[in-house]
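J.:
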Amino acid sequence: MRELHDKQVEMFIGQVLRAGVLLSSFVTLIGLVLYLAHHGSSIPNYHAFHSVSPMLRTVHELIPYAFHGDSLAIIQLGVLLLIATPVARVAFLVGAFALERDHMYVAVSGLVLVILLFSILFAR
Amino acid sequence: MNALTFSLYILGGSLLAGLLGSLTGLGGGVVLVPMLALLFKVDIHYAIGASLISVIATSSGSAAAYVREGFSNIRIGMFLEIATTLGAIGGAWLATRTPTRGIAIVFGLVLLYSVYLSFQRHDDEIVPQNKWSDRLKMNGAFPAYDGQEQKYSVKHISGGFGAMAGAGILSGLLGIGSGAVKVLAMDHIMRIPFKVSTTTSNFMIGVTAAASAGIYFRRGYISPALSAPVMIGVLLGSLFGAKLLVKSKVKPLRMIFAVVIFFLAVEMIYNGWVGNV
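Read top to bottom, the protein sequences are chains A and B.
Sequence positions in the first sequence follow this note's numbering and run 90 to 213.
Sequence positions in the second sequence follow this note's numbering and run -1 to 275.
And the structure:
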């Protein structure tokens, strides 16, 4: 009984993950095409490391640029959607374990979710 | 080289890396980072950032297919993810404090060890019962080849947990999925059947990589114009690889790829040693 339920939950979550990957790669692809259309002839330099501009690494600064059609900000939005995909998976599992009244694993998956959110939002 | 040609080269290279990674079972990152660093002379921090993103994409993209086979064990995976995510945060922290040369050498060594592990096969030794496995509800069953259900239990949970923290550190430091170390922890230490280990490990890789990817993102290590062709290339390559795996005999191919990865590992160690990265 438990096995069957687990498998259904996993199938559903598998589909959610696939949708997340499709959506984020689609957004990233749009950004890449726009970038190459506008800056295709510029000369890139990735040899020397200087961290990308603050506008491209802060969520609240990046989103307005993305919606105004800034190609690099659109790519970063796609990347953020992709990072959010496994986080959504863990969040779904917290819910699924709660429905099964499996308190121990609500705690386990809840802890993983807290660690993930901490690292994504606060850790340096 | 202008941005358009560069992006096309990166796209093609990443496609190949994704293909190689999926056929050897080692993941796209292990080929990608040396390729970007040695061939395209990309700074290793950018290379690792782009690789982490591609690792999340391939792991999440293939999860649905793995679930259908019915081997993965979500409780074991979730429990061990506590260790891998904490390890990944530690690894991302270490990445800022380790010189580039050191990262290259550690990368090469992990690569060598992964190739060695991928050729190690031993027969599953089913654990009949374990007190802690019962308490943590880790027992499971999978469809065996004769149509019967094979029940299994898990042992050495604390040892496996520790090894998983190590896998997380390597993932955060090197930008790889460290699938080989995860399988080592589950298959060799916890005695989880091989099929269950590999599919559960694939499930865990995306969550582990997300833990350090957020940190890399906010540090500005994820360069959009580089990550975009890498992510799309690796994803397409690994999807193609998964199709090939079903259709063709890959044993001779695996041997060739293992040799390629062996040389990549030696190159990484050499270039790290002489300071050429």
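Glycine residues also receive a C-beta, built at the ideal position from the N, C-alpha and C atoms.
Note that the structure is a prediction, hence the values are computed from the model and not measured.
Report yes or no: is there a C-beta of chain B within less than 8 Å of the C-beta of A/Met90?
T.: Legend: pLDDT at A/Met90 = 40, less than 50; position of this residue unreliable, no value from coordinates given.
J.: Assuming B/Ile167 and B/Gly89 form a contact by the criterion Cβ under 8 Å, report the distance between their Cβ atoms to the nearest whole angstrom.
T.: With 8 Å as the limit, B/Ile167 and B/Gly89 qualify as a contact, their Cβ atoms being about 4 Å apart.
J.: Can you list, in chain order, the residues of the stretch 131 to 150 of chain A whose Cβ is nearer than 8 Å to any Cβ on chain B?
T.: Answer in chain order: Ser131, Ile132, Pro133, Tyr135, His136, Ala137, Phe138, Ser140, Val141, Ser142, Pro143, Leu145, Arg146, Thr147.
J.: At what residues does the alpha helix (DSSP H) containing B/Phe159 begin and finish?
T.: Per DSSP, B/Phe159 belongs to the alpha helix (DSSP H) from 155 to 172.
J.: Reducing DSSP to helix, strand and coil, say where A/Ala137 ends up.
T.: In the structure shown, A/Ala137 sits in coil (DSSP, three-state: anything other than H, G, I, E or B).
J.: Is the Cβ-Cβ distance between B/Glu79 and B/Thr197 less than 8 Å?
T.: Result no, Cβ atoms of B/Glu79 and B/Thr197 do not sit closer than 8 Å.
J.: By the 8 Å beta-carbon criterion, what residues does the stretch 179 to 201 of chain A contribute toward chain B?
T.: Answer set for the stretch 179 to 201 of chain A: Val179, Leu182, Asp191, Met193, Tyr194, Val197, Ser198, Leu200, Val201.
J.: For A/Gly109, collect the residues of the same chain with a Cβ closer than 8 Å to its Cβ; drop the 5 residues on either side in sequence, then sort them by chain order.
T.: The answer, listed in chain order, is Leu170, Leu171, Ala173, Thr174, Ala177.
J.: Closer than 7 Å between beta carbons: that is the criterion. Which residues of the stretch 100 to 121 of chain A meet it against chain B?
T.: Taking 7 Å as the Cβ-Cβ cut-off against chain B, the residues of the stretch 100 to 121 of chain A that qualify are Met100, Gly103, Gln104, Leu106, Arg107, Gly109, Val110, Ser114, Thr117, Leu118, Gly120, Leu121.
J.: Could you give the distance in angstroms between the alpha-carbon of A/Leu182 and the alpha-carbon of B/Met202?
T.: Their backbone Cα atoms lie some 13 Å apart in a straight line.
J.: Chain B beta carbons: is any one of them nearer than 8 Å to that of A/Gly158?
T.: Taking Cβ atoms only, chain B never reaches closer than 8 Å to A/Gly158, which makes this a no.
J.: Identify the continuous alpha helix (DSSP H) that holds B/Tyr114 and give its terminal residues.
T.: Taken as a continuous stretch (DSSP letters only), the alpha helix (DSSP H) holding B/Tyr114 covers 98 to 116.
J.: Consult DSSP for A/Pro175 and reduce its assignment to one of helix, strand or coil.
T.: Helix at A/Pro175.
J.: Identify, in the order they occur along the chain, each residue of the same chain with its Cβ nearer than 7 Å to the Cβ of B/Val28, setting aside the five sequence neighbours on each side.
T.: Cβ within range, chain order: Gly19, Leu109, Ser112, Ile174, Ile259.
J.: Can you pull the chain A neighbours of B/Thr83, defined as C-beta to C-beta under 8 Å?
T.: Val201, Ile204, Leu205, Ser208, listed in chain order.
J.: Would you say A/Ala212 reaches chain B, if we count a Cβ-Cβ gap shorter than 8 Å as a contact?
T.: So yes, A/Ala212 belongs to the interface.
J.: Give the straight-line distance between the Cα atoms of B/Val53 and B/Gly26, rounded to the nearest whole angstrom.
T.: Cα to Cα, B/Val53 sits roughly 7 Å from B/Gly26.
J.: Check each residue of the stretch 30 to 58 of chain B: if its Cβ is closer than 7 Å to any Cβ of chain A, include it; give the result in chain order.
T.: So the close ones are Lys39, Val40, Asp41, His43, Tyr44, Ile51, Ile54, Ala55, Ser58.
J.: Under a Cβ-count criterion, where at least 16 other Cβ atoms within 10 Å of its own Cβ denotes burial, should B/Val264 be classed as buried or exposed?
T.: Burial call: exposed.
J.: Just list the residues that DSSP pairs B/Ser151 with in beta bridges.
T.: B/Ser151 is bridged to B/Val125.
J.: Please confirm if B/Pro250 has its CB atom under 8 Å from at least one CB of chain A.
T.: Not closer than 8 Å to any Cβ of chain A, the Cβ of B/Pro250 fails to qualify, so no.
J.: Taking only beta-carbon atoms, is B/Gly158 less than 8 Å away from chain A?
T.: With 8 Å as the cut-off, B/Gly158 does not count as an interface residue toward chain A.
J.: A/Gly120 and A/Ile164 - do their beta-carbons sit closer together than 8 Å?
T.: In contact: A/Ile164 and A/Gly120 (Cβ atoms closer than 8 Å).
J.: Rounded to the nearest angstrom, what separates B/Gly145 and B/Val181 at their Cα positions?
T.: Spanning the two alpha carbons is a distance of roughly 25 Å.
J.: Decide yes or no for the touch test of the stretch 217 to 228 of chain B against the stretch 120 to 135 of chain A: beta carbon pairs closer than 8 Å, at least 3 of them.
T.: Result yes; three or more Cβ-Cβ pairs closer than 8 Å.
J.: If we cut at 8 Å on Cβ distances, does A/Leu58 have a partner in chain B?
T.: No statement about residue 58 of chain A is possible, as the shown extent of chain A runs from 90 to 213 and does not include it.
J.: Once the 5 residues before and after B/Ala165 are set aside, which same chain residues still bring their CB inside 7 Å of it?
T.: So the list reads Thr82, Gly85, Ser176, Val179, Lys180, Ala183, once near-sequence residues are dropped.
J.: Within the 8 Å Cβ cut-off, does A/Lys96 reach chain B?
T.: Yes, its Cβ sits closer than 8 Å to a Cβ of chain B.
J.: Applying the criterion that 16 or more other CB atoms from any shown protein chain within 10 Å of the CB defines a buried residue, is B/Met114 buried or exposed?
T.: Reading the sequence as shown, one finds Tyr at residue 114 of chain B and not Met. Its Cβ having fewer than 16 others within 10 Å, B/Tyr114 is exposed.
J.: Under the assumption that A/Ser160 contacts B/Ala55 (Cβ atoms under 8 Å), give the Cβ distance between them as a whole number of angstroms.
T.: Not quite, the Cβ-Cβ distance comes to about 20 Å (not below 8 Å), so this is no contact.
J.: If B/Ile103 and B/Gly270 are in contact, beta carbons under 8 Å, what's the gap, nearest whole angstrom?
T.: That belief holds up - the Cβ atoms of B/Ile103 and B/Gly270 are roughly 4 Å apart, short of 8 Å.
J.: Find the residues of chain B that neighbour A/Leu171, judging by a C-beta separation of less than 9 Å, and give them in chain order.
T.: Here the neighbours are Ile51, Ile54, Ala55, Ser58, Ala208, Ala211, Met229.
J.: Curious, which full-length beta strand (DSSP E) runs of at least 3 residues does the stretch 111 to 158 of chain A contain?
T.: DSSP runs (the beta strand (DSSP E)) wholly in the stretch 111 to 158 of chain A: none.
J.: Helix, strand or coil for A/Phe186? Go by DSSP, reduced to three states.
T.: If DSSP states are grouped into helix, strand and coil, A/Phe186 belongs with the helices.
J.: For a cutoff of 8 Å on Cβ pairs, would you count A/Pro175 as touching chain B?
T.: Yes, A/Pro175 counts as interfacial toward chain B.
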